[in-house]
Every structure is written in C-alpha cells, then in structure tokens.
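Residue numbers (the numbering used here), protein chains in the order written: chain A, 8 to 304; chain B, 116 to 407; chain C, 107 to 366; chain D, 260 to 661.
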C-alpha cells in the first residue's frame with residue numbers, strides 16, 4: 008500500500024470521526040475530550056465481529072457504530088440531564104475516555120486481549136472504502152446539519168435557556184447529537200481497526216480525542232466541510248513537516264497556533280466549501296433559464 | 116492508620132500542586148471565560164528556569180523559586196500578548212482560544228525537548244529532598260515547603276484581590292468584562308495582572324512538582340489535572356479551585372491506597388462526575404442562569 | 107374555568123422574594139396587561155409559568171393542567187409561547203430559519219431520515235419553509251426572510267420574536283416588553299400591530315408586560331399591577347389609572363430614578 | 260448537485276495529497292538497482308514527545324555510525340542513504356509509524372530498522388511482511404516476530420532480547436543468585452511490554468518454585484507510588500520487580516521507597532531501562548543495592564569508544580547514553596551483516612543471510628544467529644547493581660538450561 012494512499016486513508020478515517028463531532032461541537036456547542044473512547048468501542052466491536060464471527064465488513068462497521076452510540080448513553084444520560092456546563096461535560100467525557108481505555112486494557116477475555124490488544128484483524132480497509140465512507144459521512148452530515156435537527160442544535164448552542172422555553176427538548180437534542188457523534192467515531196474506529204489490522208487500547212488516548220477536537224474547531228464551527236478540510240490538513244501536516252525531522256511536532260504546534268491567530272473563526276465558520284460553487288451553478292442556471300425563456304418569447 | 120496519615124500527607128502535597136494549577140486556570144477563566152490550555156508549558160518553563168539558575172547562578176532555593184514564578188508569569192503574559200489578546204480583540208469564541216492553547220501545548224514542550232533534551236532530572240536542591248520522620252510517617256521537606264508556600268501565595272492572592280484597587284478592578288472585570296471596560300477599567304492592564312499571577316502560580320506549582328518528582332520537558336502534562344480541578348471547583352471560582360484541587364489529590368491517593376491502583380483514575384473520575392451531576396456548575400460555581 | 111390560573115404563586119431566589127403570593131386568572135381570548143415598576147416581578151411571573159423559574163409556593167394551572175415542575179418545552183407544547191425582554195433571536199440564522207425553530211421545535215421526522223434526506227424530509231422542509239414565510243408575512247417582515255437575524259434592526263427583531271412565538275401555534279402568548287427601546291413612532295406601530303394581531307386571532311390569549319402605561323392602556327381590556335412582587339391592583343385601564351396605590355408606586359419609582 | 264460537488268471535493272483533496280507528498284521521493288519500490296545507487300536504510304524512532312530519549316539516542320548513534328561507514332567507502336562500494344523518521348506522533352497511535360513505513364517503502368528503502376516499542380514494531384512488521392521488506396526492530400514482545408496464529412513473520416528479525424528469554428533469565432537470576440528471595444511485582448497494566456514481562460516473570464518464578472508474594476499496578480504517567488509501595492511492603496518482599504518502560508518511574512519508586520524508610524529492606528529488581536546514568540542523578544542514593552538485569556555492561560571496554568564518541572558529539576543533548584540505545588544500535592550491525600553476507604541488497608538474499616546466520620558480532624554481544632521465531636540465539640544478559648552511587652557490573656548471567 009502506497010504512502011499517499013496510507014495518508015489518504017488516515018485522513019478519511021479522521022474525516023468520518025469528525026463528521027460526528029461537527030454536530031456535537033460545531034452545532035450544539037458541547038465539546039468532548041474523550042471521543043477516542045467511542046472509536047475504541049467501535050473498533051473492538053467491529054473487529055470482533057469480522058474476526059470471530061465473519062460478519063461482512065460494512066455490517067460490522069455499522070454495528071460497531073451503533074454500539075458506540077449506545078455506550079455514549081452511559082455518559083450522556085447522567086451528565087446531559089441536568090444543565091451541566093460545556094466545560095463540565097468536557098471533564099466528564101475526559102473521564103469516560105480514560106475509563107474505557109483502562110477497562111479495555113484490563114479485560115482478560117481472549118477476544119479483547121487486554122493490554123496486548125487485538126491482532127490479525129482482517130485487512131478489509133482500502134482506499135476505495137475509505138474515500139467512499141468519508142464521502143458518505145460528509146453527505147449524511149451535511150443532510151443532517153441542514154435538516155431541522157441541525158437547526159435545533161444550532162438554536163441550543165446560541166441560547167440554551169430561551170430555546171427550551173420556545174419548546175425544544177434540550178436533553179433529547181443533546182443526547183441525539185452525542186449519539187450521532189459517537190456513532191461516526193465508532194465507525195471511524197472500526198475503519199482504523201481494519202486498516203492497521205492490529206490495535207491496542209492505549210492507541211485511543213486523550214491526545215487522539217484532543218486532535219479530533221482541534222480539527223473540528225480549526226475547521227470552523229457550524230460548518231461540515233470546513234472541519235473535514237481541517238482534518239485533512241491536520242492529518243497531512245505532520246507528514247509535510249517531515250523534512251523538519253525532530254522539530255516537526257514543535258512546528259506542527261506552532262502552525263496550529265498561527266492558523267488560529269490568523270483565522271480566529273476557524274477555516275470556514277458558518278460556511279461550506281461548496282457554497283460558492285453551488286451559488287455559481289445556480290447563477291448560471293438562472294441565466295440559462297432566463298435566456299431560453301427570452302428565446303421562446 | 117499509619118497508611119492513612121501517610122496517604123493524607125501525600126494527598127495534601129500533590130493536592131496543593133493541583134490547587135495552585137487550578138487557581139491559575141481559575142484566575143484566567145474568571146476574567147476571560149476560557150481555560151488557558153497553554154498552562155502546562157508555562158509551568159514547565161518556569162521550573163526549568165529554576166533548574167538552570169540554581170547550579171549556574173548558585174541561587175539558593177527560595178530565590179530560585181521566586182525566579183521560576185517571575186519567569187512563568189512573564190511567559191504566561193507573553194502568551195496573552197502574542198496569542199490570546201489579538202484573538203480576543205476579534206471577539207472569537209472561547210473554544211478557539213482553547214484550541215490555540217492546545218497548539219501552544221504541542222509547540223513548547225516539543226521545542227523544549229529539542230533544546231533541553233528529553234531527559235528526566237532531579238530538582239537540584241538537596242535540602243528539599245530530605246525527609247522528616249514524624250512518628251511513623253515520613254514527610255519530605257519539599258511537601259512542608261509546598262504546603263507553606265501555597266498557603267502564603269493563596270493568602271497574598273486573596274489580599275491582593277480583595278484589599279487593593281487593582282484587585283477590585285479584576286473582580287469587577289470578572290463579573291462582566293465588557294462593562295468593566297466601559298466603566299474605565301483598563302482591561303489590558305487587568306489581563307496583564309491576571310496572566311502574570313496565574314503564571315506565577317504555575318511556576319510555584321512546577322517547582323514543587325520538580326522537587327517532589329522530577330523536572331522534564333513534558334512535566335506540563337500534569338496541568339491537565341489542574342484543569343479538571345478548576346472545572347470541578349466551579350469555573351472561575353478561586354476558592355472552589357483550591358478545594359477541588361486538594362480534593363482531587365486526596366481522592367487519588369486514597370483510592371490508590373484503599374481502592375484499586377489499576378482503576379484509580381476510573382474511580383476518581385466517576386466520583387467527580389457524580390459531584391458534577393449533583394452540582395452541574397461545579398462545587399462553588401456561579402449560577403450562570405440566562406437573564407431572559 | 108379560566109384558561110390560566112395562578113394560585114398564591116411565590117417565587118424566591120435565595121433571600122429575594124421576587125414574587126409573593128400572587129393569584130390571578132386569565133380567560134381565553136383576553137388581552138391582559140401586566141404592569142408595574144422595575145423589579146416588580148413581572149418577568150418572574152412569566153418565567154414561573156413558562157417553566158424558566160421554579161415556584162417556591164403556589165400552583166399554576168393551564169386549562170386545568172398543573173404546570174408546576176413541568177419541563178419548559180412541554181409547557182411550550184401545551185400552547186404557551188413567549189417573547190423575551192432581552193431579545194433572544196438566533197443571530198446567525200436567517201429570519202425564516204428563526205421562525206422555523208418555533209414552528210417545529212420537536213422535529214417531525216427522525217434523525218435517520220434526516221441524514222438520508224428521504225423524500226418526506228424534503229417535502230416537510232419545503233412545508234416548513236412555506237409556513238415560516240407565512241408567519242413572517244403575518245408580522246410584516248417577509249422581505250427580510252433571507253437576512254441574518256442578528257443584523258436586523260431592533261424593532262424588526264422584536265417582530266421576528268413574535269413571529270417565532272406565533273409559529274408554535276400558541277393558545278396563550280406572553281409578550282415581554284415588545285416596545286422596549288423603541289421610539290414613539292415605532293412604539294405606535296407596535297401598538298397597531300398588536301391590535302391587529304389580537305383581532306386576527308380571537309381565540310388567542312395575550313398577556314403583555316409593558317413599561318409604557320400608554321401602550322397598555324390602549325391595548326388591554328384588563329390590567330394587573332404588580333409591585334415588589336405582590337399584586338397591587340386589578341381592573342380596567344381606567345380603574346387602574348385612578349388607583350392611588352398604583353400612582354404612588356409609579357411616582358415612588360420615578361422619584362427614585364430621578365433621585366439617583 | 261451537492262453530491263457531485265462533494266465528490267469533486269474528495270478528489271481535490273486526494274490530488275492535494277499527491278501534490279504535496281511527492282516532492283522529495285523520486286525513487287520507486289523496485290529493488291532492481293544499479294550498483295552506484297546508495298543503499299537506503301530507514302530508521303523509525305520514538306524521537307519526540309515524552310519518551311523521546313528512547314528514539315533520539317539510537318538515532319544519534321546510528322547517524323554517526325552510518326556517516327562513518329560512508330566516509331570509509333560504504334558497503335559493497337555503495338554509499339548508505341540513512342533516513343530517520345519520527346514515529347511518536349501526537350498521541351502514540353501507530354498511524355505515524357505506518358505512514359513513515361509506507362513512505363520509506365515508496366522511496367525504495369532496502370531495510371527498515373526500529374522502532375523500539377512492541378506496539379509500533381508490530382504495526383510496522385505487518386506492513387513489511389506484506390511488502391517483503393527486511394525489518395529489524397528491537398521491540399521485545401513475541402508478537403513482533405510471530406503473528407497471532409503462531410506463524411513466524413518471515414521478514415522481521417529481532418535486534419534485541421525477546422521478552423520470554425529475557426525474563427526467564429531475570430527470574431532465574433533472582434531465584435538462583437539472590438537465593439530465592441520474596442518477590443513482589445509492580446507493573447503498568449496498559450502497556451503490552453510491561454504486561455508480557457510481568458506474565459513471563461511470574462510464570463517462570465512459579466515454575467522454579469520461587470516466592471512470589473504479591474503485586475500492585477500503576478498507570479502510565481503516574482508519579483505517585485506510595486500507596487502501592489506501602490501495601491507491597493506489608494507482604495515483606497525482599498525485592499520488588501518492576502518491568503518499567505521508562506527510567507522516570509523507576510526513579511520515583513526508588514525515591515519513594517527511601518522516603519518511606521523501606522529502602523534498606525526492600526530493593527528494586529528491574530530491567531535494562533534502569534541502566535541509564537540519568538537515573539543515578541534522579542535517584543542515586545535511593546538505588547543503593549538495587550539489581551538491574553540489563554542487556555549489556557556499559558562499563559565494559561567494549562563500549563568505551565562508543566561512549567566517548569557519544570558524549571563528545573551529543574553530550575550537550577542532555578540525554579545520557581543508555582543500554583536500550585545500544586540495543587537499537589545492534590540493528591546497524593545486523594544490517595551490515597545481512598548486506599555484506601548477501602553481497603547485494605536483494606531482499607530475499609539478505610533475508611536468507613540473516614536466517615542462516617551462525618555468528619554475528621552485535622554491538623552489545625556476539626550472538627549465534629536466529630531461531631525459528633526470529634529471536635536472537637545466545638543473547639547475553641548482564642547484571643548491574645548500584646554501589647556508592649555508581650553502577651557496578653556483577654557480570655554476565657546466563658540462565659541454566661532446563
């Protein structure tokens with residue numbers, strides 16, 4: 008498998024994960040420092056299904072995502088019921104992330120392998136699957152974001168208390184967003200497992216969660232394609248910076264600071280990457296329609 | 116019983132490090148409503164300045180701790196000046212400030228590894244390493260110093276905030292930064308003071324951590340515990356930060372002693388989440404009810 | 107039976123007795139005024155009814171159902187809508203999207219069909235859009251449908267809030283100082299607008315908090331006067347205007363404001 | 260329409276990858292090279308982040324070594340193109356290692372060496388064995404060279420000790436030479452190497468009939484061990500065995516044992532990570548009498564030259580030369596042996612050379628080639644103790660054959 012192919016797959020996996028977080032962070036305004044745990048759950052679930060029960064890849068991924076989404080209820084129901092502030096929610100997710108990592112490391116069941124992890128996962132992941140799943144995730148998330156569900160999430164982010172008085176069920180909307188994000192992270196985790204074919208629980212640590220959060224914010228809130236682009240950039244950046252050898256990560260951090268400093272709204276806040284093109288197409292279409300009209304006249 | 120007292124001493128000493136860090140977070144949060152995620156590097160650089168000053172300048176322990184506080188304060192202020200202030204001027208969401216902080220948190224430690232090397236070093240003070248035997252409990256001198264100096268620092272901070280005009284300005288800004296600006300309070304000046312103070316707290320905490328454990332470029336990672344403590348304490352509440360910092364230290368050591376060291380973090384976080392469920396704004400958090 | 111009934115309602119915040127032992131009844135289709143000096147507890151009454159504040163004592167009944175302790179969104183879906191003293195529109199959304207929030211605060215299609223954008227979702231979204239525009243039209247700001255709400259002038263934002271509240275198809279509408287911060291001309295326009303609103307929706311009960319006495323006098327059939335958390339007077343505008351207690355409360359307040 | 264545009268987006272993104280990624284690598288994966296071409300050797304090391312000393316020190320050693328080889332005319336008359344890649348990444352997932360490996364393969368690498376931890380070594384081994392690239396890591400877990408079905412990975416050859424061999428040695432040493440002491444174990448539960456080492460150690464000790472009195476655990480990045488030490492101390496062990504992945508933890512444990520007043524009764528028994536001069540600075544007085552079963556005797560004349568060169572060139576780096584660095588240095592010797600024996604950089608020939616090797620002189624010790632599971636035969640272990648604040652070698656130790 009080629010080098011660029013590998014990075015493109017990594018980027019696609021991250022994009023799938025980000026698609027969920029876009030809704031949680033960019034739309035409803037909750038931020039999580041533990042979403043790697045949902046990747047972990049999805050990864051293990053999908054890997055066990057394909058390795059031991061020979062499930063088809065896509066079905067295993069979906070079930071992995073669904074299990075991740077269900078497990079998000081464990082942390083979501085107690086914390087989102089009261090009006091916990093976004094920062095406190097972040098701490099709760101941080102704790103959940105650590106908890107999942109520790110539990111997974113200590114499960115002695117042979118399927119899980121504890122700290123030794125799981126190896127010999129079928130290598131179903133390839134560039135085609137990765138791009139297709141990333142593409143589908145982006146489309147699904149764009150659809151979700153523009154639907155009434157997405158609008159209600161935005162409303163809650165702007166004015167939580169007022170929105171509740173207007174008639175929005177805050178708890179249900181928040182849980183929905185959390186489950187949505189956990190679902191996509193679970194799928195991303197499953198993709199990861201079937202790409203690397205080997206995984207240990209320590210891979211899904213707090214830094215991964217923070218990287219996910221960073222990509223979403225760097226891409227811009229209330230945007231789906233912005234974060235997707237941000238993720239691609241952040242996946243690619245460490246590789247581009249390889250020529251710096253050991254200074255690479257230092258410069259990576261510096262670039263992050265500089266981007267935030269130059270574009271304090273993120274790359275594409277409140278905008279989508281395809282909007283100008285759509286507008287252009289609409290404009291051209293309206294022109295052509297008018298000209299044919301006039302031609303008929 | 117011995118075990119309990121020993122763990123209590125340890126809990127208090129690590130708790131006071133958490134508390135100082137939490138106060139640093141809370142100071143910035145109370146005025147600017149965001150958590151400075153670039154706080155770990157501030158602590159690390161402060162500690163390294165003391166680490167190099169002691170052998171190179173032959174500074175005694177206390178002046179070198181003071182130096183660490185000054186250096187950390189200045190670095191924290193430099194961060195505000197170069198990164199946060201320009202971003203705040205553009206009225207960005209606080210999430211963006213936090214991500215910029217995460218960027219700093221990647222940049223400085225990794226640069227430090229290349230400059231200082233990746234090794235782990237002892238804090239160069241033999242005095243601090245010795246222990247005092249109280250009955251059956253061993254108390255390191257550094258722990259006593261940590262407890263005393265943290266108290267002094269917190270008392271000084273309290274006096275400053277509640278007994279001086281500048282302190283009044285800071286408290287006014289913490290209620291409403293925009294209005295405070297309109298009322299003639301120089302918000303930039305307040306920012307300078309707040310970042311200097313929070314940096315100084317980090318420098319102090321870093322020295323204690325260094326004395327108790329070691330000095331290395333990634334030691335700033337411990338600051339995340341300070342973030343947890345300041346959030347649980349009620350964001351922006353200094354008293355809450357101190358309480359929950361000590362509580363976190365206490366919980367960690369006690370769970371390790373009487374619960375399970377494998378599941379220590381898991382149990383500690385579970386307890387904290389339970390606290391949050393019953394006190395969604397943290398232990399001493401301000402009620403942030405939207406005025407409709 | 108009255109549509110809305112407050113029985114001995116008290117709301118305390120710590121030591122502050124914001125509302126103290128208030129009882130009142132509002133009939134269906136009425137246009138009721140709720141007036142009083144600053145800090146009289148008018149907004150707190152709204153908050154208690156809509157679920158934003160918990161009553162310390164007393165009961166609230168809407169069409170015979172007890173509202174105490176009910177979740178705010180459920181209360182809203184029983185047919186109680188409100189606007190806010192400090193405007194709470196969604197600044198980054200367009201005017202039409204703002205109304206759509208009030209129109210469909212419980213989504214009528216599930217998240218899966220939303221992700222897949224199934225045909226019925228597309229249909230429903232179109233329907234929402236059409237209805238939103240209708241409500242915008244009813245408050246007369248249709249031309250601003252695609253403007254970012256945060257960029258609209260103050261008066262239009264107030265109207266937008268009313269449109270959003272109306273979009274929930276309420277039986278009872280709470281208006282919290284809809285003319286606040288407007289000049290006389292705009293205030294008059296608002297009065298005319300509210301009059302029309304009430305005459306076009308005869309079944310709709312409107313409760314209005316207003317600081318400007320003139321506005322209330324022109325609009326409301328009956329008025330409750332609150333002072334320092336308690337009910338001071340009740341009656342028609344004429345009666346209330348002549349009530350010496352009311353005059354004293356208002357003058358007292360005015361003296362205080364000028365004195366500072 | 261929108262969907263079409265999303266496709267365009269993804270395609271654009273893929274193209275931008277291609278545009279940015281291909282700037283430096285003009286080579287291709289073919290091994291059919293002319294004699295004049297340099298030999299490409301890729302090194303994967305954990306060179307940034309918290310544990311950078313485990314990647315940087317080997318990287319310095321190897322870079323200097325290959326520079327010297329080039330000055331001496333290279334191998335087979337060809338120069339060495341030595342490329343180093345950091346695989347630590349931001350969070351320790353192995354995407355970095357996988358990306359770096361892919362990049363090296365695309366650039367036409369002949370041999371990949373490193374990394375030193377088992378998690379990443381395994382991830383790299385998976386790719387190298389798929390692509391048929393010779394891979395010489397120093398990760399110590401069995402899974403690095405043997406896959407989960409028990410099949411030896413044909414292209415991966417270990418450069419350091421294998422956990423079971425190493426830990427059997429330590430357990431035997433403890434049982435026979437330390438006179439069957441009471442031993443407790445303190446280990447980290449989320450790291451594969453730590454867990455493996457603990458398991459092998461405890462199993463071997465129990466097979467030998469040793470006295471295993473209890474165990475406690477800690478978490479990654481822990482700095483507080485007093486609770487665990489107290490509860491272990493109640494079981495009166497003579498030694499606490501600690502298979503730690505970093506010397507920081509060992510230093511903390513030693514200091515805290517001393518603070519608690521147990522240092523005279525309870526000694527640490529640990530592995531090569533402890534054999535690091537920086538540890539003496541961190542916890543020297545507290546380590547008095549502790550025993551480290553390590554993989555080389557750093558004070559032996561064998562390393563005088565290497566040590567001198569390292570400190571002359573990299574003394575300012577703030578990192579002491581450590582044994583694990585020397586073990587990684589073994590990789591260079593294995594590469595040298597493979598290339599010179601095969602007489603070319605043909606992958607299969609090199610692989611054969613290593614597989615059939617009978618005698619290789621590594622940096623740390625001479626070995627007798629490889630067994631069926633690609634573990635080094637005759638890897639030598641050394642025992643070090645601390646006396647008066649200095650490391651003192653107690654000599655080589657080999658476990659008695661069963």
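Every residue, glycine too, gets a C-beta built ideally from N, C-alpha and C.
| query | result |
| --- | --- |
| Per-residue DSSP class, three states only, for residue 480 of chain D | coil |
| Residue-level contact to chain C via CB, residue 27 of chain A, 8 Å cutoff | no |
| Residue 177 of chain A: first and last residue of the uninterrupted alpha helix (DSSP H) it sits in | 177-203 |
| Partners in chain B for residue 264 of chain A, counting only beta-carbon separations shorter than 8 Å | 198, 215, 218, 219 and 222 |
| Per-residue contacts from residue 205 of chain B into chain A (C-beta, under 9 Å) | 271 and 272 |
| Local Cβ density within 10 Å of residue 43 of chain A, reported as buried at 16 or more and exposed below that | buried |
| Chain-order list of residues whose beta-carbon lies under 6 Å from that of residue 235 of chain B (same chain, five-residue window excluded) | 329 and 331 |
| Paired residues, beta bridge with residue 118 of chain C - DSSP | C:123 |
| Residues bridged to residue 131 of chain C [DSSP beta-bridge criterion] | C:111 |
| Buried or exposed (CB count within 10 angstroms, at least 16 for buried), residue 298 of chain C | exposed |
| Proximal residues to residue 386 of chain D (C-beta, below 6 Å), its chain only, five neighbours per side dropped | 360 |
| Any chain A beta carbon closer than 8 Å to residue 353 of chain D | yes |
| At least 3 beta-carbon pairs within less than 8 Å: the region 279-292 of chain A vs the region 290-299 of chain B | no |
| Continuous beta strand (DSSP E) stretch holding residue 501 of chain D: start and end | 498-501 |
| Residue-level contact to chain B via CB, residue 482 of chain D, 8 Å cutoff | yes |
| Cβ of residue 225 of chain B within 8 Å of any chain A Cβ | yes |
| Rounded separation between residue 240 of chain C and residue 175 of chain A - CA only | 21 Å |
| Uninterrupted alpha helix (DSSP H) stretches inside the region 552-587 of chain D (no shorter than 4 residues) | 563-573 |
| DSSP state of residue 346 of chain D mapped onto helix, strand, coil | coil |
| Strand pairing of residue 334 of chain D, partner residues [DSSP] | D:337 |
| Boundaries of the beta strand (DSSP E) in which residue 646 of chain D is found, first to last residue | 640-646 |
| Any alpha helix (DSSP H) of 4 or more consecutive residues that is wholly inside the region 30-89 of chain A | 43-60 and 64-88 |
| Through-space distance from residue 566 of chain D to residue 639 of chain D, alpha-carbon basis | 20 Å |
| Neighbour flag for residue 90 of chain A against chain B, beta carbons, 8 Å | yes |
| Residue 222 of chain A, enclosing alpha helix (DSSP H) - first and last residue | 213-226 |
| At least three beta-carbon pairs within less than 8 Å, the region 344-364 of chain B to the region 177-191 of chain B | no |
| Cross-strand partners of residue 217 of chain B (DSSP beta bridge) | BP columns for residue 217 of chain B are empty, so no partner. |
| is_contact[residue 286 of chain D, chain A] using C-beta, thresh 8 Å | Here residue 286 of chain D scores only 40 on pLDDT, less than 50, and its place in the model should not be relied on; the value that follows carries that caveat. No, its Cβ sits nowhere closer than 8 Å to a Cβ of chain A. |
| Residue 169 of chain C, DSSP secondary structure in three states | coil |
| Buried versus exposed, by CB contacts within 10 Å (16 or more), residue 127 of chain B | buried |
| Beta carbon proximity, residue 94 of chain A to chain C, threshold 8 Å | no |
| Exposure of residue 559 of chain D, with buried meaning 16 or more beta-carbon neighbours within 10 Å | exposed |
| Alpha-carbon to alpha-carbon, residue 225 of chain A and residue 71 of chain A | 28 Å |
| Inter-residue Cα distance where the pair is residue 125 of chain B and residue 371 of chain B | 11 Å |
| Own chain, CB closer than 8 Å to residue 453 of chain D, minus 5 neighbours either side, in chain order | 446, 447, 502, 503 and 504 |
| Straight-line gap, residue 372 of chain D to residue 564 of chain D (C-alpha atoms, nearest Å) | 23 Å |
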